[in-house]
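Scroll down for the structure; my scribbles are underneath it.
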Amino acid sequence: MDLPLGSVIQGSLSKGLEVRLHADVSVEDMRVGKFLVVRGVRSHFFCMLTDVSLGTSSARILSNPPNPNDDFLLAVLAGSSTYGTIELSPMLMLTAEREKQQAFFDPTGAGVRENKLALGNLASFESQTGGDIELLPVKTIPSHFSQVFDAKESDFRKVFGWEDDPYRRNFAIGKPIDMDVAVCLDLDRFVERSNGVFGKSGTGKSFLTRLLLSGIIRKQAAVNLIFDMHSEYGWEAVSEGKQFSTVKGLRQLFPDKMQIYTLDPESTKRRGVRDAQELFLSFDQIEVEDIALVQRELNLSEASIENAIILRNELGSSWINTLLEMTNEDIQMFCEEKRGNKSSIMALQRKLERLNDLKYIRKRCPKNYVTEVLQCLDSGKNVVIEFGSHSDLLSYMLAANVITRRIHGSYVRKAEKFLQSKNPCDRPQPLVITIEEAHRFLDPAIVRSTIFGTIAREMRKYFVTLLIVDQRPSGIDAEVMSQVGTRITALLNDDKDIDAIFTGVSGGQSLRSVLAKLDSKQQALVLGHAVPMPVVVQTRPYDEQFYREIGDIDWQEMPDEQVFAEAESAKMDLGF
Ligand SMILES: Nc1ncnc2c1ncn2[C@@H]1O[C@H](COP(=O)(O)OP(=O)(O)O)[C@@H](O)[C@H]1O
Ligand SMILES: [Mg+2]
Numbered sequence: 162m163d164l165p166l167g168s169v170i171q172g173s174l175s176k177g178l179e180v181r182l183h184a185d186v187s188v189e190d191m192r193v194g195k196f197l198v199v200r201g202v203r204s205h206f207f208c209m210l211t212d213v214s215l216g217t218s219s220a221r222i223l224s225n226p227p228n229p230n231d232d233f234l235l236a237v238l239a240g241s242s243t244y245g246t247i248e249l250s251p252m253l254m255l256t257a258e259r260e261k262q263q264a265f266f267d268p269t270g271a272g273v274r275e276n277k278l279a280l281g282n283l284a285s286f287e288s289q290t291g292g293d294i295e296l297l298p299v300k301t302i303p304s305h306f307s308q309v310f311d312a313k314e315s316d317f318r319k320v321f322g323w324e325d326d327p328y329r330r331n332f333a334i335g336k337p338i339d340m341d342v343a344v345c346l347d348l349d350r351f352v353e354r355s356n357g358v359f360g361k362s363g364t365g366k367s368f369l370t371r372l373l374l375s376g377i378i379r380k381q382a383a384v385n386l387i388f389d390m391h392s393e394y395g396w397e398a399v400s401e402g403k404q405f406s407t408v409k410g411l412r413q414l415f416p417d418k419m420q421i422y423t424l425d426p427e428s429t430k431r432r433g434v435r436d437a438q439e440l441f442l443s444f445d446q447i448e449v450e451d452i453a454l455v456q457r458e459l460n461l462s463e464a465s466i467e468n469a470i471i472l473r474n475e476l477g478s479s480w481i482n483t484l485l486e487m488t489n490e491d492i493q494m495f496c497e498e499k500r501g502n503k504s505s506i507m508a509l510q511r512k513l514e515r516l517n518d519l520k521y522i523r524k525r526c527p528k529n530y531v532t533e534v535l536q537c538l539d540s541g542k543n544v545v546i547e548f549g550s551h552s553d554l555l556s557y558m559l560a561a562n563v564i565t566r567r568i569h570g571s572y573v574r575k576a577e578k579f580l581q582s583k584n585p586c587d588r589p590q591p592l593v594i595t596i597e598e599a600h601r602f603l604d605p606a607i608v609r610s611t612i613f614g615t616i617a618r619e620m621r622k623y624f625v626t627l628l629i630v631d632q633r634p635s636g637i638d639a640e641v642m643s644q645v646g647t648r649i650t651a652l653l654n655d656d657k658d659i660d661a662i663f664t665g666v667s668g669g670q671s672l673r674s675v676l677a678k679l680d681s682k683q684q685a686l687v688l689g690h691a692v693p694m695p696v697v698v699q700t701r702p703y704d705e706q707f708y709r710e711i712g713d714i715d716w717q718e719m720p721d722e723q724v725f726a727e728a729e730s731a732k733m734d735l736g737f
């Protein structure tokens, strides 16, 4: 069963290993992204296959290839004179030597247990089923002719853990490409940093994001605030395919743990969402920073932004309302008294008129809706904010920035209180903020001055992190990109985008080929903080089975009329 696939013939720590396949192993079974184990003398190396090639021992065979019908000659050459080679990137190693040394210096063995190393030699490592071992970063390579094996289920469990591990919040994100075993993310580590889901359009980003959010909610690793640009996370979302079908939103999977707010109540109601809360913003919640973020969308000049700062300083929080009510004479007077520039202020006034068209913005609001959202999050409820017909970038970015600024401010205060008191009760529950079209928020030109840039750069200091969903990672500021802890990337074609994914990743070069060869859907390369080593996964299907495994709904105990209503609405969706 456990036959070696090939022997290591050369390589280096920096460039990876070259492995010559044994005669009976077909190169056609070797796919990039595959997970293999090299059994060295002292260590086992967990590796990813990054390239496949063909080799011959003699140039004469190339200049005079055998007749394809000559089976005998083909068989004679195969394996000895013609062979396949694969390239491996070693990612993790497990060393028996270290255990022995430690046991030697520490006869009680206590230190060994403390170090969470498996006792015994490699043979017992073989029989390990996981849990009690420590995997180390690769610091060396296996010696010549070490044998290479397919990774076994137990190897995956050792490296990636398993979903039901009672000591960890693990979430199965998918399976390796050629095996039936779960690849898990450590959700506690995941929410510690900002993370990204990347891939070109139609590769499964929204589905992946929905999976990740379900996992975080199910395992209560963090509370979520989701800016749902296309209304696909909260309630039903359409799934592409030959037949029209929909998948469930988070509110349907976790009825008691989610609250939907909407900036477009009519659209939300039309889609059949009951009890969504309305959300309005008022002009006096908008700061110059929010306007600067949508500078491009509003077509504002630098001078207009500078004058906005003057207006804000002179007029206070009602600066937009006051500006919109000013006559030409008022502006003239303002400019004579203060340092403002008349034409810039008039341009600003003209362009801010556009905000009047946004239905979710009021001149003044009797109640502060953002405070309500904040209370919701504080009570541990996850919030989806739907944009409905406001799915243009201006509406999306403006609202997301205004709301996030306020919520971040509250988290900073909570975190500082906790830092001072060190009382575990004061510890804020981590908050994950999901944004789409993230490169618009994290563009190098504006990232220094927006709240999203601040959150990405300050890391988990205040218990707030981002989940950025984007199809153009090259548009994201490089410093922010290097802070993105875990990157889950579906297929990308553009070279610049692929480069961006590997910003700040050592050995990223060899993974490029892996990323470029992913399937166009439902496959992703996962790398970073929440996984011990990079891995290619077949994304977990987001379907009925997933709802049952992760969702809160007990389908058996659903009242009959609800089952009936669900069936009825499904029938309507299908046009019956
Ligand atoms: N994990 C998954 N489970 C089921 N279907 C998926 C999954 N990932 C992708 N798909 C299919 O691929 C299509 C595109 O995915 P989507 O997330 O909408 O892409 P993107 O957001 O990247 O444009 C979906 O409509 C669905 O049919
Ligand atoms: Mg999408």
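Converting from the sequence shown to the numbering used here requires adding 161 to each position, the first position being numbered 1. C-beta: ideal position from N, C-alpha, C; glycine also. These figures come from a predicted structure and were not determined experimentally.
- DSSP places Lys319 inside the alpha helix (DSSP H), whose first and last residues are 314-321.
- Between Ile662 and Arg648, the C-beta gap is smaller than 8 Å, which places the two residues in contact.
- Around Val455, the same chain offers Leu555, Met558, Leu559 as residues with beta carbons nearer than 7 Å, after the five sequence neighbours per side are excluded.
- Sequence-distant partners of Val352 (beyond 5 residues in either direction) whose C-beta falls short of 7 Å from its own C-beta, in its chain, are Ile377, Ala382, Ala383, Pro591, Val593, Thr626.
- Under DSSP, Gln438 takes part in a beta bridge, and its partners are Tyr422.
- By the rule of a C-beta closer than 6 Å to any heavy atom of ligand 2, the residues picked out are Lys366, Ser367.
- Here DSSP, grouped into helix, strand and coil, assigns Thr407 to strand.
- Residues Phe579 of the same chain have their beta carbon placed closer than 6 Å to that of Arg588, with the five preceding and five following residues left out of the count.
- A straight-line Cα-Cα distance of about 19 Å links Met642 and Phe624.
- Shown here, Pro251 sits in a strand according to DSSP, grouped into three states.
- For Ala691, the three-state secondary structure derived from DSSP is coil.
- Spatial neighbours of Ala508 in its own chain (CB-CB distance under 6 Å, excluding positions within 5 residues in sequence) are listed in chain order as Ser465.
- If you check the CB distance, Leu472 and Leu485 do not come in under 8 Å.
- In terms of Cα proximity to Glu179, the closest of Pro227, Leu215, Glu248 is Glu248.
- Rounded to whole angstroms, the gap between the alpha carbons of Thr615 and Val608 is 8 Å.
- Scanning the segment 601-640 from its first residue to its last, the whole beta strand (DSSP E) runs of 3-plus residues come out as 625-631.
- For the pair Pro702 and Gly335, the Cα-to-Cα distance works out to about 8 Å.
- Between the segment 298-307 and the segment 199-208 there are three or more inter-stretch CB-CB distances shorter than 8 Å, so the stretches are counted as touching.
- Here DSSP, grouped into helix, strand and coil, assigns Ser681 to coil.
- Taken through DSSP and simplified to helix, strand or coil, Phe388 comes out as strand.
- A straight-line Cα-Cα distance of about 35 Å links Leu424 and Lys657.
- In chain order, Ser367 place their CB closer than 6 Å to the CB of Glu393, counting only its own chain and leaving out the 5 sequence neighbours on each side.
- In the structure shown, Glu427 falls within a helical segment according to DSSP collapsed to helix, strand and coil.
- Counted as a single uninterrupted DSSP element, the beta strand (DSSP E) harbouring His205 occupies residues 204-217.
- Residue state for Ser173 is assigned as strand, using DSSP reduced to three classes.
- Taking a 10 Å sphere around the C-beta of Gln683, we find 16 or more other C-beta atoms and assign the residue as buried.
- Inclusion of Ser355 and Val645 in the CB contact set at 8 Å is warranted, their separation being smaller than that value.
- Burial check for Ala184: the Cβ neighbour count within 10 Å stays below 16, so the residue is exposed.
- The C-alpha of Glu324 is placed about 5 Å away from the C-alpha of Phe332.
- In chain order, Met390, Val630 place their CB closer than 6 Å to the CB of Glu597, counting only its own chain and leaving out the 5 sequence neighbours on each side.
- Per DSSP, reduced to three states, the secondary structure at Glu597 is strand.
- No residue range can be given for Glu514, since it is assigned to no beta strand (DSSP E) and is classified by DSSP as neither H nor E.
- In summary, Asn562 is buried, with 16 or more beta-carbon neighbours lying within 10 Å of its beta-carbon over all protein chains present.
- A residue is called buried once 16 or more other Cβ atoms fall within 10 Å of its Cβ, and Cys208 is buried on that count.
- In the structure shown, Tyr244 falls within a strand segment according to DSSP collapsed to helix, strand and coil.
- Placement of the Cβ of Thr700 at a distance of less than 7 Å from at least one heavy atom of ligand 1 is found.
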